[in-house]
Amino acid sequence: MLVGILSDTHRNKVNMDKAIEKIKKCDLVFHLGDNYEDIDYIKRIYKGKIIGVCGNCDTTKKLSKEAVYKLKGHTIFLTHGDCYRVKLNTFNLKYRAMEIGANIVLYGHSHMSFIEKDGDILFINPGSVGEPIDRNPSIAIMEINENNIECKIISI
Numbered sequence: 001m002l003v004g005i006l007s008d009t010h011r012n013k014v015n016m017d018k019a020i021e022k023i024k025k026c027d028l029v030f031h032l033g034d035n036y037e038d039i040d041y042i043k044r045i046y047k048g049k050i051i052g053v054c055g056n057c058d059t060t061k062k063l064s065k066e067a068v069y070k071l072k073g074h075t076i077f078l079t080h081g082d083c084y085r086v087k088l089n090t091f092n093l094k095y096r097a098m099e100i101g102a103n104i105v106l107y108g109h110s111h112m113s114f115i116e117k118d119g120d121i122l123f124i125n126p127g128s129v130g131e132p133i134d135r136n137p138s139i140a141i142m143e144i145n146e147n148n149i150e151c152k153i154i155s156i
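Heads up: the sequence shown begins at 1 in the UniProt record's numbering, then just goes up one per residue.
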């Protein structure tokens, strides 16, 4: 199964259009917050399922701050990351993942892409579509099945 991971789109429609081109073949897309309205923009073209969480710039009550999603035998923890101080490190995320039994953590907020395995937990930050710190907008694509997870950062 192919999964697209986006975060911090920040209403940047030019870059969202580029991201949509990269996720068209994905079976599922996760949007990790900032801005939740962008999910509706993405749905104009991408017709698959999109699951989103709120970011620190989002004011809606329609989405929660975090979610847990089961997929192909894996437990995925989704959060924007602002409540876990991810700009410093992933320690708080790791402890939360352990509490809920997640082996994959998807988060954003730092506007910097990051993939790292810490013990049995895979951490993925796709970077920012709309306002990347390194001026390199990016997303992540994850291929997942019962036995294997492969993920890569894709520049857009």
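Ideal Cβ positions, reconstructed from N, Cα and C, are used throughout, including at glycine. The structure displayed is predicted, hence computed values, not measured ones.
Residue i, DSSP secondary structure in three states
{"i": "C151", "result": "strand"}
{"i": "Y46", "result": "coil"}
{"i": "V86", "result": "coil"}
{"i": "M112", "result": "coil"}
{"i": "I76", "result": "strand"}
{"i": "Y36", "result": "coil"}
{"i": "A102", "result": "coil"}
{"i": "D8", "result": "coil"}
Pairwise C-alpha distance: residue j and residue i
{"i": "residue 186", "j": "Y84", "result": "What the structure shows of the chain is the stretch from 1 to 156, and residue 186 is not part of that stretch, so it cannot be assessed."}
{"i": "S155", "j": "G101", "result": "31 Å"}
Buried versus exposed call for residue i [16 or more other C-beta atoms within 10 Å across all chains shown]
{"i": "D8", "result": "buried"}
{"i": "L88", "result": "exposed"}
{"i": "F91", "result": "exposed"}
{"i": "N136", "result": "exposed"}
First through last residue of the alpha helix (DSSP H) which encompasses residue i
{"i": "K18", "result": "13 to 23"}
>> Quick check: the segment 31 to 47 against the segment 146 to 154, are at least 3 beta-carbon pairs closer than 8 Å?
In response: no
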